[in-house]
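S.K.: Quick one: this structure, given as structure tokens, is what I'll be asking you about.
Number of protein chains: 2
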Amino acid sequence: MDHEEASRRLLDAAEQLYYARGIQSVGMDEVRDTAGVSLARLYRLFPSKQHLVAAYLRRRDERWRASLARYVSERAVEHGADRRGRLLSVFDWLAEWFREPDFRGCAFANAFGELGAGSGPVADAVREHKALVRRYLVELADDPPRADSTEIADQLLLLLEGATTTAAITGSPDPARTARAAAAALLAAKPA
Amino acid sequence: MDHEEASRRLLDAAEQLYYARGIQSVGMDEVRDTAGVSLARLYRLFPSKQHLVAAYLRRRDERWRASLARYVSERAVEHGADRRGRLLSVFDWLAEWFREPDFRGCAFANAFGELGAGSGPVADAVREHKALVRRYLVELADDPPRADSTEIADQLLLLLEGATTTAAITGSPDPARTARAAAAALLAAKPA
DNA sequence: AGAGGCGCAGAACGACCGTTCTGCATTGCG
DNA sequence: CGCAATGCAGAACGGTCGTTCTGCGCCTCT
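Here you go:
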């Protein structure tokens, strides 16, 4: 097992365990056991638990955004979607995510809520994720370019965030539908 | 010190410590020290940590909703506000809350994200809080009565939730302004 | 063969956690 | 006064945590 494989296994284990059960309640022993990688190597690859958590979140951010972008892009091709169609398909993707059996809300908000603003690399990873998602929404809203892209993107970001938390707490995917309807109304309020 | 006073001190301490630092990282010893109440009495009043957390959240829910309702009501009197004005003043209240020095996001979502859906009395308290806030928004939206009150209330609830989390993560009160503008647009999209 | 380097499993360390226990002090009553 | 009841501070218990250490096995090289 080379370092890349060990790292991948550790991040898989971290993702599975921390997302399902929170961060502080999962010890490094359990990450080791789940990953099948020794503690010594774990600490060689990630100098502390905070580093491991931040790394898992950064990898998750990439995968999450890539999954969303792929979906929006494919739907745009299938349906010849315009700006509105592309922005609304974000919420269709949300609906699918909320229905996944291991859905447990936003890993980034959960980690931030658990560990707080002073949690160094973890808080940084969370903030960067949110900034990148916002940027993606601005890009979608700005195609074709318009003066209100940032404003609408910010509003849709709040709907996305609120729907994710609400879906986790209520255990229902309905907030995706609610958010989509709100997004449609907001887009309709600002025609081209 | 009677039981009521001890209970109040314990809930004050719990609120201060758990909201600021998360739940698992604050031991019962520290709650005891902060409250100035013995561990024996603490356990007599709250049989377990979960009970204490749930009790603090339930008290916080009452205070939070009361503060919001008072603000909305006072603003309605001051400005002769109609349905739209009352619903929008929810977001004005949010803006003030986000500016408080100890603001750290939604205590309910944070606790849920940290402890998970299986956390018994805590998860129950979180779900009930969300349901009560939703009901309050439905009441605001239904005055005067309309067929779309639940729909608009659900949409505003997502904005409220998304703004709270985003404000905590970004450390900025701006999401309240963004949410208010979105709420205004949603209300304008459905005139009387 | 022997020596050195590397990596492992899991023990060890010190800290913290949730909860219960214990020696002691205080209070109230007869 | 003596006795019983009550409550306290904080020790104790058993468990878990993050991190480092140690004895051992394996591999490579001379």
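One line per chain: the protein sequences are Z and L, in this order.
Count the first sequence with UniProt numbering and you get residues 1 to 192, in order.
Count the second sequence with UniProt numbering and you get residues 1 to 192, in order.
A virtual CB, placed ideally from N, CA and C, is assigned to each residue, including glycine.
Here the structure is a predicted model, which means the values were calculated and not measured.
Kindly list the residues whose CB is nearer than 6 Å to the CB of Ala182/L, restricted to its own chain and excluding five residues on each side of it in sequence; keep chain order.
M.R.: To locate residue 182/L, count along the second sequence from 1; it is residue 182. Closer than 6 Å at Cβ, skipping near neighbours: Leu159.
S.K.: To the nearest angstrom, report how far apart Met28/Z and Ala54/Z are at their CA atoms.
M.R.: Numbered from its first residue, the first sequence carries residue 28/Z at position 28. Numbered from its first residue, the first sequence carries residue 54/Z at position 54. If I take the Cα positions, the gap works out to 14 Å.
S.K.: Can you say whether Val26/L is buried or exposed, counting buried as having 16 or more other CB atoms within 10 angstroms of its CB?
M.R.: As a position in the second sequence, residue 26/L is number 26, starting the count at 1. That one is buried.
S.K.: Counting only the same chain and skipping the five closest in sequence on each side, list residues whose C-beta sits under 8 Å from that of Phe103/L.
M.R.: What you label residue 103/L is simply residue 103 of the second sequence in a count that begins at 1. Around Phe103/L: Trp97, Ala167 and Ala168.
S.K.: Are Leu140/Z and Leu87/Z close, meaning C-beta to C-beta below 9 Å?
M.R.: As a working note, residue 140/Z is residue 140 in the first sequence. As a working note, residue 87/Z is residue 87 in the first sequence. In this structure, Leu87/Z lies closer than 9 Å to Leu140/Z by Cβ.
S.K.: Below 6 Å CB to CB, which residues in the same chain sit around Ala109/L once its five sequence neighbours on both sides are set aside?
M.R.: The residue given as residue 109/L occupies position 109 in the second sequence. There are no such residues.
S.K.: Rounded to whole angstroms, what is the Cα-Cα separation between Arg63/Z and Ala13/Z?
M.R.: Counting from 1 along the first sequence, the entry for residue 63/Z is found at position 63. Counting from 1 along the first sequence, the entry for residue 13/Z is found at position 13. Looking at the two C-alpha atoms, the distance is approximately 15 Å.
S.K.: What is the DSSP secondary structure of Gln24/Z, counted as helix, strand or coil?
M.R.: Position 24 of the first sequence, counted from the first residue, corresponds to residue 24/Z. Three-state result, Gln24/Z: coil.
S.K.: Going along chain Z, which residues have a C-beta under 8 Å from Lys130/L?
M.R.: Walking along the second sequence from the start, residue 130/L turns up at place 130. The contacting residues are Thr166, Ile169 and Thr170.
S.K.: Counting pairs of Cβ atoms below 8 Å between the stretch 5 to 25 of chain Z and the stretch 33 to 48 of chain Z, do you hit three or more?
M.R.: yes
S.K.: Just verifying my parser: in three-state terms, what is the DSSP assignment at Ala100/Z?
M.R.: Numbered from 1 along the first sequence, position 100 holds the residue referred to as residue 100/Z. Inspection of the sequence shows that residue 100/Z is occupied by Glu rather than by Ala. In this structure, Glu100/Z counts as coil in the three-state DSSP scheme.
S.K.: From what residue to what residue does the alpha helix (DSSP H) around Val138/Z run?
M.R.: Taking the first residue of the first sequence as position 1, residue 138/Z is located at position 138. Element bounds for Val138/Z: Gly120 to Ala141.
S.K.: Roughly how many angstroms separate the alpha carbons of Tyr18/Z and Leu45/L, rounded to a whole number?
M.R.: For the purposes of this step, residue 18/Z is identified with residue 18 of the first sequence, where counting begins at 1. For the purposes of this step, residue 45/L is identified with residue 45 of the second sequence, where counting begins at 1. Looking at the two C-alpha atoms, the distance is approximately 32 Å.
S.K.: Could you tell me whether the Cβ of Pro175/L comes closer than 9 Å to any Cβ of chain Z?
M.R.: Against the second sequence, residue 175/L aligns to sequence position 175. For Pro175/L, the nearest CB of chain Z lies under 9 Å from its own CB, placing it at the interface with that chain.
S.K.: Quick check on this structure: which residue in Ile152/L, Arg177/L, Thr164/L and Cys106/L has the alpha carbon closest to the alpha carbon of Ala192/L?
M.R.: Residue mapping note: residue 192/L aligns to position 192 of the second sequence, counting from 1. When each option's Cα is compared against that of Ala192/L, the closest is Ile152/L.
S.K.: For the UniProt domain "HTH tetR-type" (4 to 64) of chain L, enumerate the residues whose C-beta is nearer than 9 Å to any C-beta of chain Z, in chain order.
M.R.: Ala20, Arg21, Gly22, Ile23, Gln24 and Ser25
S.K.: Would you mind telling me which residues of chain L sit closer than 7 Å to Asp154/Z, beta carbon to beta carbon, in chain order?
M.R.: Mapped onto the first sequence, residue 154/Z falls at position 154. In chain order: Thr178.
S.K.: Cβ of Ala95/Z within 9 Å of Cβ of Leu186/L?
M.R.: Counted from its first residue, the first sequence places residue 95/Z at position 95. Counted from its first residue, the second sequence places residue 186/L at position 186. Against a cut-off of 9 Å, the Cβ pair of Leu186/L and Ala95/Z comes out as no contact.
S.K.: Please say whether Ala131/Z and Val122/Z have beta carbons closer to each other than 9 Å?
M.R.: Here residue 122/Z is taken as the residue at index 122 of the first sequence, counted from 1. Here residue 131/Z is taken as the residue at index 131 of the first sequence, counted from 1. No. Outside cutoff.
S.K.: Nearest chain Z C-beta to Arg146/L closer than 9 Å, yes or no?
M.R.: On the second sequence, residue 146/L is found 146 positions in, with the first residue counted as 1. So, not an interface residue.
S.K.: From this set, Pro101/L, Ser48/L, Ala20/L and Leu11/L, which residue's C-alpha is nearest Ser172/L's C-alpha?
M.R.: Working through the second sequence from its first residue, we reach residue 172/L at position 172. Selected option, being the one with the closest Cα: Pro101/L.
S.K.: I think residue 244/L touches Thr150/L, with their Cβ atoms under 8 Å apart; what is that distance to the nearest whole Å?
M.R.: What is shown of chain L runs 1 to 192, which leaves residue 244/L out entirely.
S.K.: Excluding the five sequence neighbours on either side, which residues of its own chain have a C-beta within less than 7 Å of the C-beta of Arg9/L, listed in chain order?
M.R.: Indexing the second sequence from 1 puts residue 9/L at position 9. Excluding residues within five positions, the ones whose Cβ falls inside 7 Å are Ala35, Gly36 and Val37.
S.K.: Mind reading off the beta-carbon distance from Leu11/Z to Arg65/Z? Whole number of angstroms is fine, and I expect it under 8 Å.
M.R.: Translated into the one-based positions of the first sequence, residue 11/Z becomes position 11. Translated into the one-based positions of the first sequence, residue 65/Z becomes position 65. Incorrect: roughly 16 Å between the Cβ atoms, too far for contact.
S.K.: Let me know the secondary structure DSSP gives Gly36/Z once reduced to three states.
M.R.: Looking up residue 36/Z in the first sequence gives position 36. Three-state result, Gly36/Z: coil.
S.K.: Beta-carbon within less than 8 Å of Cys106/Z's beta-carbon, same chain only, minus the 5 sequence neighbours each way: which residues are those?
M.R.: Against the first sequence, residue 106/Z aligns to sequence position 106. If we look at Cys106/Z and ignore the five residues flanking it on each side, its Cβ neighbours are Glu161, Thr164, Thr165 and Ala168.
S.K.: At the level of alpha carbons, what is the spacing between Leu52/L and Val138/L?
M.R.: Here residue 52/L corresponds to residue number 52 of the second sequence, with the count starting at 1. Here residue 138/L corresponds to residue number 138 of the second sequence, with the count starting at 1. Their backbone Cα atoms lie some 30 Å apart in a straight line.
S.K.: For a cutoff of 9 Å on Cβ pairs, would you count Val126/L as touching chain Z?
M.R.: Indexing the second sequence from 1 puts residue 126/L at position 126. For Val126/L, the answer is yes, since a Cβ of chain Z falls inside 9 Å of its Cβ.
S.K.: Got a sec? Which residues, its chain only, sit under 6 Å from Ala125/Z by beta carbon, not counting five neighbours each side?
M.R.: Here residue 125/Z refers to the residue found at position 125 when the first sequence is read from its first residue. The residues Ala54, Leu57 and Arg58, in chain order, have a CB closer than 6 Å to that of Ala125/Z in the same chain once the five nearest residues on each side in sequence are set aside.
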